[in-house]
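> Let me begin by handing over the structure; questions about it come next.
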Amino acid sequence: MKIVRVNNRKARRRAGRGRRRTILASLSSAALALLGTTTDSRADGPVEKIEAAYAFSFYSEDSIKESNTSLGDTSRYEIETQQVTVAGPLTDRSDVAFDFIYESMSGATPWFVEPDPSGGQPVQAMSGATVTEKRYDGALRGNYYFDNARAGAHFGVSGENDYLAIYSGVNGEYHLNEKNTTLSGGLSFSIDEIKPTEGGTDGRIKSDEKQSVSLNGGFSQILDRSTTLQTSISYKHSTGFLSDPYKKACIAPNATCTDLLVDNRPDTRNQVAWLTQVRKHFEFIDASLHANYRFHYDDWKLTSHTFEVEWFQNFFDDLVQVVPTLRYYSQSQAYFYEPFYLSERSDGLASSDYRLSPYGSFSFGAKVQMRMEDWLGSSDWRLAINYERHLADADFALSKAKVKNPGLVNFHFVYVTADIKF
Amino acid sequence: MPKLHTRLTALGSPCEFQLYGASKDQLDEVAAACASELGRIETKYSRYLDDSIVTRINQSAGTGTFTRLDDETKNLFAYAQTAFDQSDGLFDITSGVLRRAWDFKSGRLPNTDELRDLCKLVGWKRVEMRGEEIHLPRPGMEIDFGGFGKEYAADRLAGVCHQHGITSGLIDLGGDVCIVGPHPDGSPWLVGIRDPRDPERAMASLPLSRGSLATSGDYERFMEIDGKRYCHLLDPRTGWPITGMAAVSVVADQCLVAGTATTIAMLKGHSGAHWLEKLGLPYLWVDGNRRTGGSLWPKRTPRNEAPATQAS
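Line by line, the protein sequences are chains A and B. Per the numbering used here, residue 1 is the first one in the first sequence, and the count goes up by one each step. Per the numbering used here, residue 1001 is the first one in the second sequence, and the count goes up by one each step.
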């Protein structure tokens, strides 16, 4: 008889999940793993219960340094966002969800950059503090689940006093190879109408439109019990008014601003992004590492790299999860960007927006999430609080920038969410 | 509201379904889906059917041929592994071979040599797992899912009912009860627990609106010789029937967990009550001397035989 050497202990540990847990937790999780196996091997199912989620987030930009400004208010933007989501099953193969977002925004924004009259670094002229503006967004999403696939669609409207966007799309997933492989794809578009306040004055457009179409395709592979590799590529084509009606650019031939041009960017933009993610689970400490890399390139010649690591640490049988995150981002500038211009470009393009300038940034933060099962009237609760600090500087960029944009922004971001499943 | 009440025999046990539905058509559909799921489980896992996966694994014992497992069967083995670990090796799905020595109809004790030899074929630890494949290393070794198959089926049937939109009903597979949902008016089901020394009588009845109740007892198959009871629950280490507990009932979210807990507590014998207390699920026990205990009995009863009135 052939003698087969078998690593029983390893296979058993995989099956048994260790002895740290209580007897009840071990039996219950093994039972759930068993009862969760679908014999009709349907893909993921629709949500089974009515779920409601509320999220509140607060985004606050640091004030701009007095020495970096020439004009306007130094307190920058703050955004408060409230979001309500309600999701529920429609049939035994489909579900539907509705999101509603209310945002209020206030503070000053960068207007244009000019050379410091004393001959130093460029300085930022800020707008006056705006009154609080409001944005409303409502979206409807639905999914249909096949045996090995999911098809979804969404439609939404977003409106501000100077902006209206209608967006829609379809997306899907297909599982194969005993669900070890997943192919995904999506197509979406949006139509935006811009009607800036005080339009028609001081060179500002009265109204204009832009459209965009996005396509994406992805591939996800379970490499082994604890490792998943995901990669996806997306393409976005935008056309129409892609400039910022509230920004200007300075012509300063002799280190003095002689003329202000309206922000004017190309009327098309083609963007490609490639995202790769590796997830690795470490069973002996009940934690997962997610490592992400994103590469972006567009025909405004703006290239960016994002590196992100997230550590998901579970405690108390997954009832508490702590997720520290570290992210590094670096971008090169758009080809027509200058902090200010010596003379007008022959193509008429002009922008001093810090978001098109060369810079790098570090973000770090943590999320703490708690689950409470069978709480208040046998509902399942999830509470999460997330804090993130973002620091940007031209010196953080991978390739050194010639001139720092004075408008680069540091911010705090706090996000609190509560989910209830009834 | 239309109600379906069916009794049938499946998985070797008397079974009972009581389901409420929106229409008779819906109930017929659910009944058919339940029957087909029961049939599927029986065909796939019966150790009496030649083409079941259990038979295939058992027939390959000692041949060196590994049997490949599908997802469901792999998870059943993973569950068996967990139950084995959490019971310190008492819950062992290879212990079924010990039945060959015990004939409870004969009224005779087994040959001790035969029992000793059969004990050598018991041992989940010896079973060889290689990725998604399994092999029993000794000829004559056997596995079976009798230890939790009924409970697994009860949970799956409750799942089938939920998938068909049934929110009110009860599934009873040979005394292992899974609640699909309370009566349409919201009132709980009253689930009786057999008296182990008078199995036709209920010694307690529990109001249950959700979850499952499983019971394990020494009264299901047994013989008495010289006033001593020998029951069908055998200690995998010695091959002899367990002593100590007469019956144990446990309430849990899943019937699987409830059933496994009752079996382990029975196998633990005199320390079963302590093990149940540590486990933390609502429970009730009766020992061989008719002493009772557990969180499902009221703390103080005016009369000792008063039934439990509350359950989680």
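From the three backbone atoms N, C-alpha and C, an ideal C-beta is built for every residue, glycine too.
Count the CB pairs spanning the stretch 237-253 of chain A and the stretch 90-104 of chain A that are closer than 8 Å, and state whether there are at least three.
Verdict: no, contact absent.
> Can you give me the start and stop residues for the alpha helix (DSSP H) that V1054/B sits inside?
Here the alpha helix (DSSP H) through V1054/B covers 1053-1059.
> Chain B beta carbons: is any one of them nearer than 8 Å to that of S28/A?
By this cut-off, S28/A is an interface position.
> Can you grab the Cα-Cα spacing for the pair P122/A / P339/A, in whole Å?
Computed Cα separation, rounded: 7 Å.
> Mind checking which residues open and close the beta strand (DSSP E) that includes N270/A?
Here the beta strand (DSSP E) through N270/A covers 268-282.
> For G128/A, count neighbouring Cβ atoms within 10 angstroms of its own Cβ and tell me buried if that reaches 16, exposed if not.
Classification of G128/A: exposed, given that the 10 Å Cβ count is below 16.
> Taking 8 Å as the cut-off, decide whether the C-beta atoms of G1217/B and A1247/B are in contact.
Yes, these two residues count as a Cβ contact at 8 Å.
> Which residues in chain A have a C-beta closer than 7 Å to the C-beta of G1376/B? List them in chain order.
Residue 1376/B lies beyond the residue range present for chain B, which begins at 1001 and ends at 1312; the question has no answer from this structure.
> Along the stretch 1074-1098 of chain B, where does the CB come closer than 9 Å to a CB of chain A? Name the residues.
Cβ contacts with chain A: K1074, N1075, L1076, F1077, A1078, Y1079, A1080, Q1081, T1082, A1083, F1084, D1085, Q1086, S1087.
> Could you tell me the boundaries of the beta strand (DSSP E) in which G156/A lies?
Here the beta strand (DSSP E) through G156/A covers 149-160.
> Helix, strand or coil for T201/A? Go by DSSP, reduced to three states.
Correct three-state label for T201/A: coil.
> Taking Cβ positions, are I1053/B and Y1045/B nearer each other than 8 Å?
Yes, these two residues count as a Cβ contact at 8 Å.
> Go to N216/A, then tell me how far its beta strand (DSSP E) extends in each direction, as first and last residue.
N216/A -> beta strand (DSSP E) spans 208-224.
> Would you decide whether H1164/B is buried or exposed? Buried here means 16 or more other CB atoms lie within 10 Å of its CB.
Buried, because 16 or more other Cβ atoms sit within 10 Å of the Cβ of H1164/B.
> Would you kindly check if the distance between the Cβ of I233/A and the Cβ of W274/A is under 8 Å?
In contact: W274/A and I233/A (Cβ atoms closer than 8 Å).
> Quick check on the DSSP output: the beta strand (DSSP E) that includes Y1079/B runs from which residue to which?
Note, Y1079/B: premise wrong, no beta strand (DSSP E); alpha helix (DSSP H) at 1071-1086.
> Does D137/A have its Cβ less than 8 Å from a Cβ in chain B?
By this cut-off, D137/A is not an interface position.
> For L1341/B, which option in G1175/B, S1209/B, G1288/B has the closest C-alpha, if you only look at C-alpha atoms?
In the structure displayed, chain B extends from 1001 to 1312; residue 1341/B sits before or after that span and is not available.
> Quick check on the burial criterion: 16 or more other C-beta atoms within 10 angstroms. Buried or exposed for S399/A?
Counting Cβ neighbours within 10 Å, S399/A comes out exposed, since fewer than 16 surround it.
> Under a Cβ-count criterion, where at least 16 other Cβ atoms within 10 Å of its own Cβ denotes burial, should H1274/B be classed as buried or exposed?
Exposed is the call here.
> Show which residues of chain A have a CB atom less than 7 Å away from the CB atom of L1208/B.
Within 7 Å Cβ-Cβ: nothing; L1208/B doesn't reach chain A, min ~14 Å.
> State buried or exposed for R46/A, treating a residue as buried only when at least 16 other CB atoms are found within 10 Å of its CB.
Looking at the sequence provided, one finds Pro at residue 46/A rather than Arg. By the 10 Å Cβ count, P46/A comes out buried.
> Could you check whether L1284/B and S1087/B sit closer than 8 Å to each other, using their CB atoms as the reference points?
Their beta carbons are not under 8 Å apart, which means S1087/B does not touch L1284/B by this criterion.
> Please report how far the alpha carbon of T268/A lies from the alpha carbon of F413/A, in whole angstroms.
If you take the alpha carbons of T268/A and F413/A, they lie about 32 Å apart.
> Does any residue of chain B bring its CB to less than 8 Å from the CB of D95/A?
No, D95/A does not count as interfacial toward chain B.
> So, helix, strand or coil for N1289/B, using DSSP?
N1289/B falls in the coil class under three-state DSSP.
> Can you tell me whether A1154/B is helix, strand or coil according to DSSP?
Helix at A1154/B.
> Within 10 angstroms of the Cβ of K1228/B, are there 16 or more other Cβ atoms? Answer buried if so, exposed if not.
By the neighbour-count rule (16 or more Cβ atoms within 10 Å), K1228/B is not buried but exposed.
> What does the alpha-carbon distance come out to for the pair T417/A and R150/A?
Rounded to whole angstroms, T417/A to R150/A spans 27 Å at the Cα level.
> Below 8 Å on the Cβ atoms is my contact criterion, and I expect K367/A with A384/A to pass it. Report the Cβ-Cβ distance as a whole number of Å.
About 6 Å; that satisfies the 8 Å criterion.
> So does S232/A have its beta carbon nearer than 7 Å to some heavy atom of the ligand ADP?
No copy of the ligand ADP occurs in the structure displayed, which carries no ligand at all.
> Give me the chain A residues within the contact set of Y1152/B, using Cβ-Cβ distance strictly less than 9 Å, ordered along the chain.
In chain order: A31, L34, L35.
> Quick one: residues in its chain with C-beta nearer than 7 Å to the C-beta of A1158/B, no 5 flanking neighbours on either side, listed in chain order?
Excluding residues within five positions, the ones whose Cβ falls inside 7 Å are I1171, C1178, V1180.
> Grouping DSSP H, G and I as helix and E and B as strand, with all else coil, what is S1036/B?
Helix.
> Do T325/A and E308/A have their C-beta atoms closer together than 8 Å?
Yes, Cβ-Cβ distance for T325/A and E308/A is below 8 Å.
> If you scan the stretch 47-75 of chain A from start to end, which runs of the alpha helix (DSSP H) of 4 or more residues do you find wholly inside it?
Complete alpha helix (DSSP H) runs here, min 4: none at all.
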